[in-house]
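Here the structure comes first, spelled out in structure tokens, and everything after it is commentary.
Protein chains in written order, with this note's numbering: chain S, 6 to 412; chain L, 81 to 594.
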């Protein structure tokens, strides 16, 4: 029988499918019971391209998680990603009826609905609308307007939306296994929940989650999400570049990237060569280390520059990010990636993984690959806590019944 | 008092008389398709040597070519015959075209009637003061090299006569339909694409839009130092019509899902819709399109409300691709030739008058080695196009490599008259012509060059007006490595700011990797 007090975060990633089974404690800490994973197939750039194969991988990962945690999984929180996901900020405004002057819960719903009254491309659906700030009669910086007197209530929201059918595909992939999907969460947003603590969110930080298929980013300032987005470029592209540039097979390129790859330039001994050991009886191949690093460098640099360009274009000021840049996701394990990010973003950069009050197998939360899957658990815990806790969690808007619209 | 005449179709350009000519068998098929798809506001004229095929055509006006020459039969694939037939029917053709300000010529090249008659018909039309837009198809490869060579030859002369040539390769059109589709469907797809293009170009010109685009814009787009044409049309209705229409336009066989758009320098976008079209829809559509193009692309935008579209919205994207950039894309692309500047067209064939050849090509070639070439002999050969299976050093069999063209035929006649077989220079060295001076065309093309590759440098050189030596050409060609996306070849392209991110970053940054 599925146990209700367990939270399962499921990420159908481009390189791996990963399910985290955890227990939320009343004091806000999380205990991880087990992490199941399976290599992913049928997923490209964060989106499912082979439904059946991806389904099998999900089944494998969930079975693995059940075995490791000894918990039967009945429902999951699902993480979505992909280049189709976009975001913008919008202000919603409602007038409080004449007969009452006090702002109440309903107004909150209305203002959120008002903020969503914008045109997004027709195939897209809202994924999140996250509260940034309230304004009551133009008064700035209201933290909690309920109970306050006022004539108009305004609120800034950060709205994340994506192509409906693609999000549905991920959901269906899980539902086929007779497992409920409690909620869908944008990947980098989930990661941010665990790599940033409340203090960092208030100081301001940029989280860059560079996975195999996508590079997602979220900007926090004043405790609220200011900007977010996703590029359909990730570690797979690095591998592909290596494979094409050095003319070696993909599998070999992937191995080479993991074992020898670095982003730094000019560090290799001139002319230093890496000998590829042969596996199939063919003669090994020699590769110049600097060449390998150049290929990786070009791709990572370009990706960061694109993120920077998008952030600049969005008007999110980089100067106020007191907590700097937090890099996470599989690609953040590349050697020297922090230096490059520092050069491009002009901010202190940390490669991080899950922080905060966690317990369980340390191998799980000390690996940046699991940030988003564990982040899902944290997100879910915050959502289901029921009580509005001070700090960030109050600021995540309650979600419209997005999921009910979907299926 | 001034009386304002009201045209009966509001919103349409009143005085534009359009005539669409379907030439030869393939032309007739395309014409039938245009008729079936419904196209009013233009007169359809079928011209053919084959009276049977002509009888089967739905076009209201029919012109039989070569009553004497072919006696109602086809030409048997001989362009000479097609040419003679068109010449014979000169008066009939002229009277059929008479009064048109815009003439579309639809023709399938490679056969006899189409290849032979098309340049001549285009010539007549221009003499009558009409603008000529030619939509041509090149034969399937399996139809043989000979046919392809004939087609290329015809294309070259057509390019000199028509203002704009939009060229579809049948091979590429086949890609658009599923491999299991019936052959009829495959051919129908080709006809359909032509029909769509004809209607789209006509629509752009006819609709008196809110923001109007005219033929001047179209020619600007297609004339610029470029060699290839990207063309996409999409129509859609429903809630999501803006998105769907663009999607369809990009899915056109000539567009490669928008991948090629990132390389273009200018782009014409025409958005039309019924009265219900909203600004918001146009904005969304343009935003989406902008993702595919780079910041520096010059965008010519035009929009119109056309009540005939009802609830539909239609997008037409027209562009040409810089010659070099095309190499990067192994995609189906059509070729467009910069039309020669309007020049007095010579009266029919007899007089050996010079015919417009894009002047840019001229200097380098003359400069190439020869003391005093008779210009017009060269011209025909060097018109930006004729690319063919590269000639072997010693032409054993003269007809596929017609290197020498008699001055008279040079004007319009696609079928060359061969005066003497001349050795063609081997690729690298443009050796001084060994034979009588003006006979050798120094078009050294390595035999293994694909058509596309051969085309690129040529036009590039033409564009810059630089003298082109064989060495230079070789250098340029080295850059054109086919771009490989590896495992992302088949996946949905990730295009940000006009850059295809699936292409390795180091390649786009021009970092040398060895």
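Built from N, CA and C at the ideal position, the CB exists for glycine as well.
Which same chain residues end up closer than 6 Å to residue i when comparing Cβ atoms and leaving out the 5 residues on each side of it in sequence?
{"i": "residue 157 of chain L", "result": "191 and 192"}
{"i": "residue 194 of chain S", "result": "223"}
{"i": "residue 369 of chain S", "result": "37, 40 and 375"}
{"i": "residue 67 of chain S", "result": "24 and 78"}
{"i": "residue 365 of chain L", "result": "322 and 326"}
{"i": "residue 112 of chain L", "result": "138"}
{"i": "residue 123 of chain L", "result": "99"}
When you compare the CB of residue i with every CB in chain S, is at least one pair closer than 7 Å?
{"i": "residue 371 of chain L", "result": "no"}
{"i": "residue 558 of chain L", "result": "Note that residue 558 of chain L has pLDDT 40, beneath the 50 cutoff, so the model's placement of it is unreliable and no number is given."}
{"i": "residue 342 of chain L", "result": "no"}
{"i": "residue 199 of chain L", "result": "no"}
{"i": "residue 584 of chain L", "result": "yes"}
{"i": "residue 362 of chain L", "result": "no"}
{"i": "residue 319 of chain L", "result": "yes"}
Check whether the Cβ of residue i lies closer than 7 Å to any Cβ atom in chain L.
{"i": "residue 124 of chain S", "result": "yes"}
{"i": "residue 246 of chain S", "result": "yes"}
{"i": "residue 88 of chain S", "result": "yes"}
{"i": "residue 22 of chain S", "result": "no"}
{"i": "residue 303 of chain S", "result": "yes"}
{"i": "residue 215 of chain S", "result": "no"}
{"i": "residue 388 of chain S", "result": "no"}
{"i": "residue 4 of chain S", "result": "An answer regarding residue 4 of chain S cannot be provided, because it is not within the stretch 6 to 412 covered by chain S."}
{"i": "residue 267 of chain S", "result": "no"}
{"i": "residue 307 of chain S", "result": "yes"}
Under 8 Å Cβ to Cβ from residue i, same chain only, skipping five residues before and after it: list those, please.
{"i": "residue 255 of chain S", "result": "244, 245 and 248"}
{"i": "residue 95 of chain S", "result": "120, 121, 123, 161, 162 and 164"}
{"i": "residue 325 of chain S", "result": "209 and 226"}
Which residues share a DSSP beta bridge with residue i?
{"i": "residue 214 of chain S", "result": "S:221 and S:333"}
{"i": "residue 157 of chain S", "result": "S:100"}
{"i": "residue 311 of chain L", "result": "L:398"}
{"i": "residue 279 of chain S", "result": "S:292"}
{"i": "residue 185 of chain S", "result": "S:80"}
{"i": "residue 226 of chain S", "result": "S:229"}
{"i": "residue 215 of chain L", "result": "L:186 and L:246"}
{"i": "residue 314 of chain S", "result": "Per DSSP, none; premise fails for residue 314 of chain S."}
{"i": "residue 143 of chain L", "result": "L:127"}
{"i": "residue 363 of chain S", "result": "S:35"}
{"i": "residue 300 of chain L", "result": "Beta-bridge pairing links residue 300 of chain L to no other residue."}
{"i": "residue 234 of chain S", "result": "S:222"}
Along the beta strand (DSSP E) that carries residue i, what are the first and last residues, could you check?
{"i": "residue 128 of chain L", "result": "122-128"}
{"i": "residue 133 of chain S", "result": "129-141"}
{"i": "residue 237 of chain L", "result": "From DSSP, residue 237 of chain L is part of no beta strand (DSSP E) but of the alpha helix (DSSP H) over 225-241."}
{"i": "residue 350 of chain L", "result": "346-353"}
{"i": "residue 144 of chain S", "result": "144-147"}
{"i": "residue 11 of chain S", "result": "11-17"}
Can you list, in chain order, the residues of its chain whose CB lies under 7 Å from that of residue i, leaving out five sequence neighbours each side?
{"i": "residue 289 of chain L", "result": "382, 383 and 384"}
{"i": "residue 150 of chain L", "result": "129, 161 and 165"}
{"i": "residue 372 of chain S", "result": "358"}
{"i": "residue 398 of chain L", "result": "298, 301, 311 and 348"}
The alpha helix (DSSP H) with residue i in it runs from where to where?
{"i": "residue 62 of chain S", "result": "56-74"}
{"i": "residue 176 of chain S", "result": "169-180"}
{"i": "residue 200 of chain L", "result": "193-207"}
{"i": "residue 109 of chain L", "result": "104-117"}
{"i": "residue 177 of chain L", "result": "170-177"}
{"i": "residue 343 of chain S", "result": "342-350"}
{"i": "residue 241 of chain S", "result": "240-251"}
{"i": "residue 379 of chain S", "result": "376-389"}
{"i": "residue 363 of chain L", "result": "359-370"}
Mind pulling the chain B residues with CB within less than 9 Å of residue i?
{"i": "residue 391 of chain L", "result": "Any reference to chain B falls outside this structure, whose protein chains are S and L."}
Exercise for review: Count the C-beta pairs between the region 167-178 of chain S and the region 336-356 of chain S that are closer than 8 Å, then say yes if the count reaches three, no if not.
Suggested key: no
Review point. Would the region 368-385 of chain L and the region 568-584 of chain L be scored as touching if the rule is three or more Cβ pairs under 8 Å?
Key: Result yes; three or more Cβ-Cβ pairs closer than 8 Å.
Review point. Are there three or more Cβ pairs, one per stretch, closer than 8 Å when the region 146-154 of chain S is compared with the region 178-192 of chain S?
Key: no
Review point. Hey, is the region 229-246 of chain L in contact with the region 199-213 of chain L, meaning 3+ C-beta pairs nearer than 8 Å?
Key: Output reads yes: the region 199-213 of chain L touches the region 229-246 of chain L.
Check your understanding: So, do the region 173-187 of chain L and the region 213-220 of chain L have three or more beta carbon pairs nearer to each other than 8 Å?
Key -> yes
Exercise for review: Inspect the CB distances between the region 336-355 of chain L and the region 384-398 of chain L and report whether three or more fall short of 8 Å.
Suggested key: yes
Check your understanding: For the region 304-319 of chain S against the region 273-281 of chain S, are there 3 or more C-beta pairs whose distance is under 8 Å?
Key -> no
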